[in-house]
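Trainee: Pasting a structure here, questions to come.
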Amino acid sequence: MRSRIGYVLIGLAAALLGLAMLAWRADVPVLERPDQWALDWQTRWRGELAPGTELPLLLVRVDDAALEALGGRVPDRAEMARAVQALQAGGARAVALDILLLPGGGTPEGSAALASAMKACACALIPFSLPDDGKPDASSAPAPVLAQALLRYDDEAALARSEGYYRPRRLVAPELGLAEAAAALGHISVRPEPDGSMRRDLPLLRLNGEVYPSLPLRLAAFARGVDWASARARFGAEFSAGKGLQFRLDELSRLGVNYYGPGGPASSFDSVGFADLLAGRVEPARLQGRVVVLGVSALAAGDHVPTPFDARLPGMERIATVTDNLLTGRSLVRPAWGGAAELAAVFLLPFAAVALLARRSLGVALAAIVLGTLALLAGVQWAFESHYFVFAVAPPLLALAIATLGGSALRAGIEQGRRRVAARQLAASEQRYALAAQGANDGLWDWDLTTGEVYYSPRWLALMGLSAAEAGHAIQAWMQPLEPAMRHAFEAELQAHLDGQSLQFHQVLHFHQGGQERWLLARGLAVREGEGKSGKPVRMAGSLTDISESQRLQQQISFDALHDRLTGLANRVLFREQLTQLLSGVLAPETGLLLLGLDGFRALNETHGPVVGDTVLTELASRLKSNFGARHLVARMGPDQFALLLAGGDSAADLGRRVQALLQSPFNVATPMLQLTAGIAWAQRRHGPATADELLTAAEGALARAKAGGPGQTHEFDPAEQLVEQSRRWLRDAIDAALASDTQFELHYQPFVRLSDRALLGFEALIRWRHPERGLIMPGDFIPVAEASGQICAIGRWALLEAAGQLRRWQALGFTGEVAVNLSGVQLERDLELLADARATLAALGDVPTHRLKLEVTESMAMANPQRSAEVLQELARMGFKLSIDDFGTGYSSLAYLHRFPFDTLKVDRSFVIRLAAGREAQEIVRTIVGLALALGKQTLAEGVEDEKQAALLEQLGVQVGQGWLFAKALPEAQATEAIRSAPWRR
């Protein structure tokens with residue numbers, strides 16, 4: 001035992017060291033070096049490769065000769081334009097410029113010439129950069145860059161893991177005019193390894209929620225002529241763009257670079273000089289159909305990276321290599337199962353080594369370890385050359401070496417001790433068996449195969465229900481209680497073990513005894529002459545165990561997992577499984593489900609107690625099963641929900657009426673008897689949902705609408721309603737995101753102007769939503785949804801605090817007017833929350849007098865609950881806020897309650913202002929409102945003033961303040977501030 005522990009500890013220690021190297025190699029560069037050397041060795045062992053010929057690449061090098069011809073400088077944009085024109089004239093298939101064309105990097109004329117050349121070519125690709133340093137930039141990308149973003153991708157978790165390796169923080173975009181002229185764009189960002197090499201490319205990177213392709217990936221896709229809109233990535237697994245471009249990604253969504261050979265003059269890629277191209281010294285035939293990469297390869301310029309073949313490979317050749325890897329399917333990748341394979345090797349190799357050392361002679365064990373290691377390395381090299389797979393081999397080999405050395409040392413010291421331990425273990429084993437035979441509750445049997453006699457213990461006889469006389473001493477006693485099929489299975493398993501086909505005899509016996517089901521587990525082991533399974537069996541012994549209770553418990557567990565414990569009906573899991581199976585067969589338009597939801601079941605439980613509620617559910621389940629169980633699967637889906645599976649043939653509407661008829665009979669579970677109603681809804685395949693989950697979701701949504709219509713209603717799923725609900729859900733989620741960001745909502749300000757002298761008295765704050773994707777969203781499009789969801793309270797709180805802050809900023813300019821903020825009816829209903837927001841607003845006002853912040857409520861809103869509204873408004877007035885009644889004259893205010901509202905201003909509704917010129921009726925209404933305000937000592941304000949004629953007539957009628965487009969629309973903060981400074985309306 002001690003020796004085994006020693007071997008296990010050695011194997012475990014070796015495995016842990018290998019695991020530590022495997023886990024820490026990404027963080028400790030020195031630990032990653034062996035695998036990097038191994039990959040370089042594999043690449044050099046394989047030798048140089050020729051690039052692909054189907055879509056051949058051509059390098060246009062800005063080399064030392066080109067720099068000398070250009071006077072020691074890199075080409076300007078006008079010269080690059082000439083190069084693009086020459087490549088177009090030669091019939092190049094695609095042209096990638098490996099040069100960042102940043103804004104201001106050239107003359108306007110040069111940029112215009114290059115843009116014109118790229119537009120005419122319609123085959124030029126340019127790069128942008130996604131660095132992982134600097135200050136994060138959340139601004140939107142330019143439209144040409146954004147157009148490259150991947151539209152479809154899966155596995156957000158794998159994408160998040162890849163961002164742990166490289167996470168861009170900002171975008172370095174090319175000049176906009178050049179980006180718009182390019183046929184496509186891609187990033188050129190990579191993460192150098194500690195030794196400066198770039199063994200991996202990053203084909204896909206995410207920034208600000210958008211996934212951008214690399215320049216080699218975009219170039220390969222363009223060269224293949226695939227539709228980029230069809231591109232799809234499954235991060236950590238694969239990328240595909242139709243059938244033209246497919247490749248694997250490793251677990252960090254990286255692409256291993258398969259270098260072909262040295263760079264420069266010895267490069268395996270065909271290349272021409274930039275100067276020769278401009279001078280017309282390149283034959284057009286060399287350009288025809290080529291995928292061109294144009295970049296700097298001069299030793300004194302451009303970027304260079306070390307590779308297994310070359311210490312300074314030009315960056316443009318790295319891009320060409322990656323592009324050819326993608327076009328030919330020869331990129332290196334650590335397969336998705338590579339991590340598991342490496343981890344298995346780290347654990348299995350050391351334990352295999354110590355196992356060999358523990359069980360075989362030293363020479364055989366070491367030879368097997370060496371041969372196994374060579375076979376492993378050969379397999380790794382074969383996977384590298386045949387499938388372009390790469391693995392981390394250093395940690396497993398380190399673990400194997402440590403285990404081999406440690407196991408060999410341990411073996412030398414314990415040979416003699418092992419023999420003594422073996423003798424003690426044998427004696428202890430015999431003692432344990434004797435004790436087990438005495439204390440076990442199992443039946444024992446012992447079969448002498450030479451004589452054919454079997455010994456059966458008393459416990460065995462009791463379990464089998466046989467007497468000693470009935471059992472006798474023959475093996476056929478096993479067969480007596482068994483059915484023919486079980487008997488044949490027992491005999492076959494027994495004979496298979498005797499023939500050496502199994503290590504142990506193991507058979508479950510199932511039969512009925514005394515009116516009960518019995519399960520017994522028969523086990524046994526044959527003793528053979530000689531060694532191995534081929535020896536002749538001479539004896540067989542074993543045990544018989546009663547497993548009836550565990551089997552019954554397992555059956556109950558299986559039943560409970562798929563059925564409702566209270567009603568015995570199928571549960572949601574079984575119902576969904578049956579619906580899925582039904583949908584996988586021949587589809588009928590009527591396939592679907594009908595949902596029933598009891599009305600007021602929670603109130604019934606609270607009134608009569610859970611016992612009565614459970615009785616109601618049980619009786620309803622019984623009614624449904626007895627009436628519909630023969631044709632439909634009936635299931636309990638929730639606390640008060642039941643479902644019927646529709647397999648076709650029945651009208652869902654007729655079935656719903658029949659279910660409603662079942663509820664007409666009272667439930668005799670309480671005094672008086674209960675009369676229940678239920679909402680019923682159904683969704684079927686003909687409505688559009690294709691999967692079980694989609695049908696369940698559709699039916700639940702339809703049931704919610706049925707319940708919204710009142711008790712006892714039915715509703716058929718309508719796909720249009722689902723679209724409306726999805727739109728509302730999007731709005732609710734977007735509002736939450738806008739509130740969280742605190743940057744999307746903004747206040748615009750419409751002036752209040754005194755009609756007599758046109759002095760600026762203040763502003764009404766009107767909310768606007770500037771959504772990052774949909775632009776400006778007006779209040780009428782989102783306020784109703786926010787009021788229905790209750791989000792209006794958070795929006796209202798934001799508006800109050802923002803208006804308070806604006807008043808403080810304007811006070812520094814000398815502004816002494818007021819700002820009015822609208823309140824929602826939902827805020828008035830949630831009075832405690834509103835009062836808390838008002839107190840927070842008081843704190844936000846600072847030294848600004850409270851009366852300069854005015855709160856507006858509509859007349860109809862105040863009269864919805866006049867008693868409570870009056871109390872809340874009076875409390876707000878006591879805090880110091882001014883109050884205004886908006887849209888006055890359109891509601892049905894009681895003068896008694898109107899007198900109790902502590903308002904300061906009556907706002908005349910715009911509908912009366914618009915009709916002023918139509919006759920005296922509107923004028924008399926306005927005159928009456930003004931008279932009422934004067935009698936109460938309040939201010940009057942008319943909204944919707946659009947021309948001077950309306951303003952003059954309102955002033956004659958006694959209206960003091962005006963608001964409308966005559967003076968200004970709702971102004972952003974900057975324009976409102978300018979209006980405060982200039983007062984453009986003042987006479």
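Quick note, the sequence shown lines up with residues 1 to 987 if you use the working numbering.
Think of the CB as a built atom: it goes at the ideal place given N, C-alpha and C, for glycine as much as any other residue.
1. At the level of alpha carbons, what is the spacing between Asp-137 and Leu-130?
2. Could you check the C-alpha separation between Ala-434 and Leu-583 for me, to the nearest Å?
3. Does DSSP put Ala-434 in a helix, in a strand, or in coil?
4. Which residues share a DSSP beta bridge with Leu-645?
5. Do you know how far the Cα of Gly-196 is from the Cα of Ala-738?
6. Got a sec? Which residues, its chain only, sit under 7 Å from Ser-893 by beta carbon, not counting five neighbours each side?
7. Terminal residues of the continuous beta strand (DSSP E) containing Leu-232?
8. Just to confirm, is the Cβ distance from Leu-966 to Val-945 under 8 Å?
9. Identify every residue that forms a DSSP beta bridge with Gln-956.
10. Confirm, please, whether the CB-CB distance from Phe-601 to Asp-640 is below 8 Å.
11. Ala-89 to Leu-255, Cα distance in whole Å?
12. Locate the alpha helix (DSSP H) running through Val-612, then write down its first and last residues.
13. Could you check where the beta strand (DSSP E) with Arg-523 kicks off and where it finishes?
14. Kindly give me the distance between the Cβ atoms of Val-659 and Leu-596, rounded to whole angstroms, as I take these residues to be in contact under 8 Å.
15. Quick check: what's the CA-CA separation for Gly-263 versus Leu-57?
16. So which of Leu-544, Ala-526, Val-538, Glu-529 has the shortest CA-CA distance to Trp-478?
17. Restricting to Cα atoms, I'd like to know which of Gln-963, Ser-869, Ala-141 is closest to Gly-209.
18. For the putative contact between Ala-496 and Gly-524, defined by C-beta atoms under 8 Å, what is the C-beta separation to the nearest angstrom?
19. Of the residues Asn-325, Pro-108, Ile-369, which one's Cα is nearest the Cα of Ala-50?
20. Tell whether a beta-carbon distance below 8 Å holds between Leu-22 and Pro-395.
21. In whole angstroms, what separates the C-alpha of Leu-936 from that of Met-778?
22. Please determine, among Glu-921, Thr-940, Glu-871, Asp-847, the residue with the shortest C-alpha to C-alpha distance to Ile-885.
23. Hey, could you find the ends of the alpha helix (DSSP H) Phe-222 is sitting in?
24. Return the CA-CA distance between Leu-70 and Arg-93, expressed in angstroms with no decimal places.
25. Got a sec? Which residues, its chain only, sit under 7 Å from Leu-617 by beta carbon, not counting five neighbours each side?
26. If we ignore side chains and look at the alpha-carbon of each, how far apart do Ala-471 and Leu-461 end up?
27. How should Glu-32 be labelled, buried or exposed, when 16 other C-beta atoms within 10 angstroms of its C-beta is the threshold for buried?
28. Is Gln-960 closer than 8 Å to Leu-755 when the C-beta atoms are compared?
29. Can you confirm whether Gly-817, when its beta carbon is compared against all beta carbons of chain D, has any partner nearer than 8 Å?
30. Inspect the beta-carbon positions of Leu-655 and Leu-644 and report whether they are closer than 8 Å.
31. Please determine if the stretch 63 to 81 and the stretch 147 to 161 are in contact, where contact requires at least 3 C-beta pairs separated by less than 8 Å.
32. Suppose you measure from the CA of Val-257 to the CA of Arg-46; what does that come to, to the nearest Å?
33. Between the Cα of Ala-983 and the Cα atoms of Val-913, Phe-575, Pro-751, which residue gives the shortest distance?
34. On a CA-only basis, which of Thr-743, Pro-672, Ala-952, Arg-686 is nearest Arg-758? Give me that one, please.
35. Are three or more beta carbon pairs between the stretch 98 to 114 and the stretch 170 to 185 nearer than 8 Å?
36. Express the C-alpha separation of Leu-845 and Leu-807 in angstroms, rounding to a whole number.
Mentor: Based on what the coordinates show:
1. Here the question's residue 137 lines up with position 137 in the sequence shown. Here the question's residue 130 lines up with position 130 in the sequence shown. Looking at the two C-alpha atoms, the distance is approximately 11 Å.
2. In the sequence shown, counting from the first residue as 1, residue 434 sits at position 434. In the sequence shown, counting from the first residue as 1, residue 583 sits at position 583. Confidence in Ala-434 is poor, its pLDDT being 49 and thus under 50, which makes the residue's placement too unreliable to answer from.
3. Your numbering for residue 434 matches position 434 in the sequence shown. Because the pLDDT of Ala-434 is 49, which lies under 50, any placement of that residue in the model is unreliable, and the question is left without a value.
4. As a position in the sequence shown, residue 645 is number 645, starting the count at 1. According to DSSP, Leu-645 bridges with Leu-593.
5. The count along the sequence shown starts at 1 and reaches residue 738 at position 738. The count along the sequence shown starts at 1 and reaches residue 196 at position 196. Gly-196 has its alpha-carbon roughly 43 Å from the corresponding atom of Ala-738.
6. Counting from 1 along the sequence shown, the entry for residue 893 is found at position 893. Because Ser-893 sits at a pLDDT of 49, beneath the cut-off of 50, its placement in the model cannot be relied upon, and the point is left open.
7. Translated into positions along the sequence shown, residue 232 becomes position 232. The sequence shown places Arg at residue 232, not Leu. Segment 231 to 234, the beta strand (DSSP E) holding Arg-232.
8. Translated into the one-based positions of the sequence shown, residue 966 becomes position 966. Translated into the one-based positions of the sequence shown, residue 945 becomes position 945. Their beta carbons are under 8 Å apart, which means Leu-966 touches Val-945 by this criterion.
9. Indexing the sequence shown from 1 puts residue 956 at position 956. Looking at the DSSP output, Gln-956 shares a beta bridge with no other residue.
10. Start at 1 with the first residue of the sequence shown, and residue 640 comes out as number 640. Start at 1 with the first residue of the sequence shown, and residue 601 comes out as number 601. Going by C-beta atoms, Asp-640 is nearer than 8 Å to Phe-601.
11. As a working note, residue 89 is residue 89 in the sequence shown. As a working note, residue 255 is residue 255 in the sequence shown. When rounded, the separation of the alpha-carbon atoms in Ala-89 and Leu-255 is 34 Å.
12. Here residue 612 corresponds to residue number 612 of the sequence shown, with the count starting at 1. First-last of the alpha helix (DSSP H) with Val-612: 610 to 628.
13. Along the sequence shown, read from residue 1 onward, the residue named residue 523 stands at position 523. Unbroken beta strand (DSSP E) run through Arg-523: 516 to 528.
14. Your numbering for residue 659 matches position 659 in the sequence shown. Your numbering for residue 596 matches position 596 in the sequence shown. That belief holds up - the Cβ atoms of Val-659 and Leu-596 are roughly 6 Å apart, short of 8 Å.
15. Residue mapping note: residue 263 aligns to position 263 of the sequence shown, counting from 1. Residue mapping note: residue 57 aligns to position 57 of the sequence shown, counting from 1. For Gly-263 and Leu-57, the distance between alpha carbons rounds to 14 Å.
16. Within the sequence shown, the letter at position 478 stands for residue 478. Of the residues Leu-544, Ala-526, Val-538, Glu-529, the one whose Cα lies closest to the Cα of Trp-478 is Leu-544.
17. In the sequence shown, counting from the first residue as 1, residue 209 sits at position 209. Put simply, of Gln-963, Ser-869, Ala-141 the residue whose alpha carbon is nearest the alpha carbon of Gly-209 is Ala-141.
18. In the sequence shown, counting from the first residue as 1, residue 496 sits at position 496. In the sequence shown, counting from the first residue as 1, residue 524 sits at position 524. Actually they are not in contact, since the Cβ atoms of Ala-496 and Gly-524 sit about 12 Å apart, beyond 8 Å.
19. Position 50 of the sequence shown holds residue 50. Taking each of Asn-325, Pro-108, Ile-369 in turn and checking the Cα distance to Ala-50, the smallest one comes out for Asn-325.
20. Against the sequence shown, residue 22 aligns to sequence position 22. Against the sequence shown, residue 395 aligns to sequence position 395. Yes; because the gap between Cβ atoms is below 8 Å, this pair is in contact.
21. Position 936 of the sequence shown, counted from the start, is the residue given in the question as residue 936. Position 778 of the sequence shown, counted from the start, is the residue given in the question as residue 778. Answer to the nearest angstrom: the Cα atoms are 36 Å apart.
22. For the purposes of this step, residue 885 is identified with residue 885 of the sequence shown, where counting begins at 1. Selected option, being the one with the closest Cα: Thr-940.
23. For the purposes of this step, residue 222 is taken as residue 222 along the sequence shown, with counting starting at 1. Start and end: 215 to 224.
24. Working through the sequence shown from its first residue, we reach residue 70 at position 70. Working through the sequence shown from its first residue, we reach residue 93 at position 93. Taking the straight line from one Cα to the other gives about 27 Å.
25. Along the sequence shown, read from residue 1 onward, the residue named residue 617 stands at position 617. Counting only Cβ-Cβ distances below 7 Å, and skipping sequence neighbours, we find Leu-566, Thr-567.
26. Position 471 of the sequence shown holds residue 471. Position 461 of the sequence shown holds residue 461. In a straight line, the C-alpha of Ala-471 is about 7 Å away from that of Leu-461.
27. For this step, residue 32 is matched to residue 32 along the sequence shown. Classification of Glu-32: buried, given that the 10 Å Cβ count is 16 or more.
28. Counting from 1 along the sequence shown, the entry for residue 755 is found at position 755. Counting from 1 along the sequence shown, the entry for residue 960 is found at position 960. Cβ distance < 8 Å, so Leu-755 and Gln-960 count as in contact.
29. In summary, chain D is missing from the structure at hand, where a single protein chain is found.
30. Here residue 655 refers to the residue found at position 655 when the sequence shown is read from its first residue. Here residue 644 refers to the residue found at position 644 when the sequence shown is read from its first residue. Result yes, Cβ atoms of Leu-655 and Leu-644 sit closer than 8 Å.
31. Judged by Cβ distances under 8 Å, the stretch 63 to 81 makes no contact with the stretch 147 to 161, as fewer than three pairs qualify.
32. Counted from its first residue, the sequence shown places residue 257 at position 257. Counted from its first residue, the sequence shown places residue 46 at position 46. For Val-257 and Arg-46, the distance between alpha carbons rounds to 14 Å.
33. On the sequence shown, residue 983 is found 983 positions in, with the first residue counted as 1. Ranking the options by Cα distance to Ala-983, first place goes to Pro-751.
34. Locating residue 758 in the sequence shown gives position 758, where the first residue counts as 1. Nearest neighbour of Arg-758 by Cα position, chosen from Thr-743, Pro-672, Ala-952, Arg-686, turns out to be Ala-952.
35. Three or more pairs of CB atoms, one per stretch, sit closer than 8 Å, so the stretch 98 to 114 contacts the stretch 170 to 185.
36. One-based indexing of the sequence shown puts residue 807 at position 807. One-based indexing of the sequence shown puts residue 845 at position 845. Between Leu-807 and Leu-845, the alpha-carbon positions lie close to 7 Å from each other.
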